[in-house]
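If you're matching positions, the sequence shown starts at 2 in the numbering used here and goes up one per residue.
The C-beta atom is built at its ideal place from N, Cα and C for all residues, glycine as well.
First comes the structure, then the notes that go with it.
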Amino acid sequence: MMNLENYIRDVEDFPKKGVLYKDITPLLKSHEATSNALDQFIDQLKGQKIDKVVGIESRGFLFGILLAQKLNVGFVPIRKPGKLPSETLKSTYDLEYGKDTIEIHKDAIETGEQILLHDDVLATGGTAAAACQLIEELGGELVQTNFLLEISALNGVEKIKQYPCVSLLKY
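Structural data, given as structure tokens:
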């Protein structure tokens, strides 16, 4: 199995001083690494029924769309406020220094649909928890949450511990 850590670049002091940013763009530019990560995600879903993949803006769209295509299901974006053109449902959540909001189309998920949630990084878990709340408010049933990488020290998995969680890489 390919070591995907070789395709993650550390960038110091980005986006602000004191932060060690995990850059996934080296992985994305490698067809082999991207395909391997996609295969690993699919392997984690063996025997699961998925009706839709939900991806969180914006980097959750990258693998989210690939997963939806591979699973032969639809893709649903969760976006920042004002980016979706039709009627939306919103969830506001706490950040370290304030609040943020995400939105989903009200007609994106039907009651009882089996949902896979995907994002690139699980850090503090606020965005993921807000996305899970939106999915459930629309009647979706979360089968699994997926992340390319998890920053374990930030303990974000605690905010979504009621759902199965797969992170390909943990730091």
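Assignment of Val-74 by DSSP, reduced to helix, strand and coil, places it in the coil class.
Minimum Cα-Cα distance from Ser-59 among the listed residues Lys-160, Gln-145, Leu-169 and His-119 corresponds to His-119.
Here the stretch 87-103 makes no contact with the stretch 32-44; the two share fewer than three CB pairs at distances below 8 Å.
Counting C-beta atoms within 10 angstroms of its own C-beta, Ala-34 has 16 or more neighbours from the protein chains shown and is therefore classed as buried. The shortest CA-to-CA distance from Asp-52 to any of Asn-156, Leu-143 and Asn-37 is the one to Leu-143. Assignment of Thr-112 by DSSP, reduced to helix, strand and coil, places it in the coil class. Looking at the backbone, the Cα of Leu-90 and that of Ala-69 are separated by about 22 Å.
Rounded to whole angstroms, the gap between the alpha carbons of Asp-95 and Leu-169 is 26 Å.
Beta-bridge pairing by DSSP links Lys-171 to Glu-151. Three or more Cβ pairs closer than 8 Å define a contact, and the stretch 78-92 meets that threshold against the stretch 101-110. Just so you know, the alpha carbons of Lys-171 and Pro-27 end up roughly 17 Å apart. Cβ-Cβ distances below 6 Å link Met-3 to Asn-37 in the same chain, with the five nearest sequence neighbours on each side left out; the list follows chain order.
Residue state for Asp-52 is assigned as coil, using DSSP reduced to three classes.
Taking C-alpha positions only, Gly-65 is separated from Gly-19 by approximately 30 Å. Rounded to whole angstroms, Gln-163 and Ser-87 show a C-alpha spacing of 30 Å. Note on geometry: alpha-carbon atoms of Glu-159 and Ser-92 lie some 18 Å from one another.
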